[in-house]
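If you're matching positions, the sequence shown starts at 8 in the numbering used here and goes up one per residue.
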Amino acid sequence: MFSILLVLSDCAEVIHGKEVVPHSLPFMARLEDVKGSLVCGGVLINESWVLTAAHCKLKKPVKLTDTVKVMDLPKPASDVPAGTRCFAAGWGDTKENGDQSDVLLSVNVTVIDRVKCDSPDYYNFSPVCVCVNQHALSVCFQGDSGGPLVCRDALRGVVSFAGGRGRVNKPTVYTFISKYTDWITKTIQTSG
Numbered sequence: 008m009f010s011i012l013l014v015l016s017d018c019a020e021v022i023h024g025k026e027v028v029p030h031s032l033p034f035m036a037r038l039e040d041v042k043g044s045l046v047c048g049g050v051l052i053n054e055s056w057v058l059t060a061a062h063c064k065l066k067k068p069v070k071l072t073d074t075v076k077v078m079d080l081p082k083p084a085s086d087v088p089a090g091t092r093c094f095a096a097g098w099g100d101t102k103e104n105g106d107q108s109d110v111l112l113s114v115n116v117t118v119i120d121r122v123k124c125d126s127p128d129y130y131n132f133s134p135v136c137v138c139v140n141q142h143a144l145s146v147c148f149q150g151d152s153g154g155p156l157v158c159r160d161a162l163r164g165v166v167s168f169a170g171g172r173g174r175v176n177k178p179t180v181y182t183f184i185s186k187y188t189d190w191i192t193k194t195i196q197t198s199g
């Protein structure tokens, strides 16, 4: 059921993204290993939980401030129509085989038709994904797994993987969060 959430690879990039104004995305989380290296991005959905490519509960609640805020989950099963303009954000590499960014970057993307993305010509998935356009070398988020897809100021997906930069039939794929809103909410409530 959640195998799509666990797909990782060497790609860790927001290619040709623009620097985000400091504190303008207060729900963004940067998850690092003990050495301080970027593991993935995430979205703070309450004081103790970060929604990422796999669930991640914080050891202790964060202090919410003007520059650290949660992002509400979408309503269950609410769709993201093809053609919707969105953005994604992360701290990944800024060029192929490059260094990770020291600043949060974002990139604008457009949702493509779900039926097309779910078809055998593309990925042949069940409808648990949101696919977005991928202009040549514009985006690749695999190492930024867990970062948000935000459409019309609402969380709509988390970065799962990209089939390859510039490949027409392999767009960037995000887990369709509203399919899991009830499960996420129940998990948070029952886990304390």
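No residue lacks a Cβ here, since even glycine has one placed at the ideal position from N, Cα and C.
N-terminal and C-terminal residue of the beta strand (DSSP E) that residue i is part of
i, result
"S113", "112 to 117"
"G43", "No beta strand (DSSP E) holds G43; DSSP gives it neither H nor E."
"R159", "No beta strand (DSSP E) holds R159; DSSP gives it neither H nor E."
"L58", "56 to 58"
Reduced DSSP secondary structure (H/G/I, E/B, other) of residue i
i, result
"S167", "strand"
"R121", "helix"
"K64", "strand"
"V75", "coil"
Counterpart residues of residue i in DSSP-defined beta bridges
i, result
"G48", "R37"
"A89", "The partner list for A89 (beta bridge, DSSP) is empty, contrary to what the question assumes."
"G97", "L112"
"K25", "S113"
"N53", "W56"
Exposed unless 16 or more other CB atoms sit within 10 angstroms - verdict on residue i
i, result
"W190", "exposed"
"G164", "buried"
"R121", "buried"
"P178", "buried"
"P127", "exposed"
"G3", "With the chain covering only 8 through 199, there is no way to say anything about residue 3."
"L32", "buried"
"L71", "exposed"
"D40", "exposed"
"D151", "buried"
"T197", "exposed"
"A84", "exposed"
"K186", "buried"
"G200", "Outside the modelled stretch of the chain, which goes from 8 to 199, sits residue 200, for which no answer is possible."
Boundaries (first-last residue) of the alpha helix (DSSP H) holding residue i
i, result
"W190", "188 to 198"
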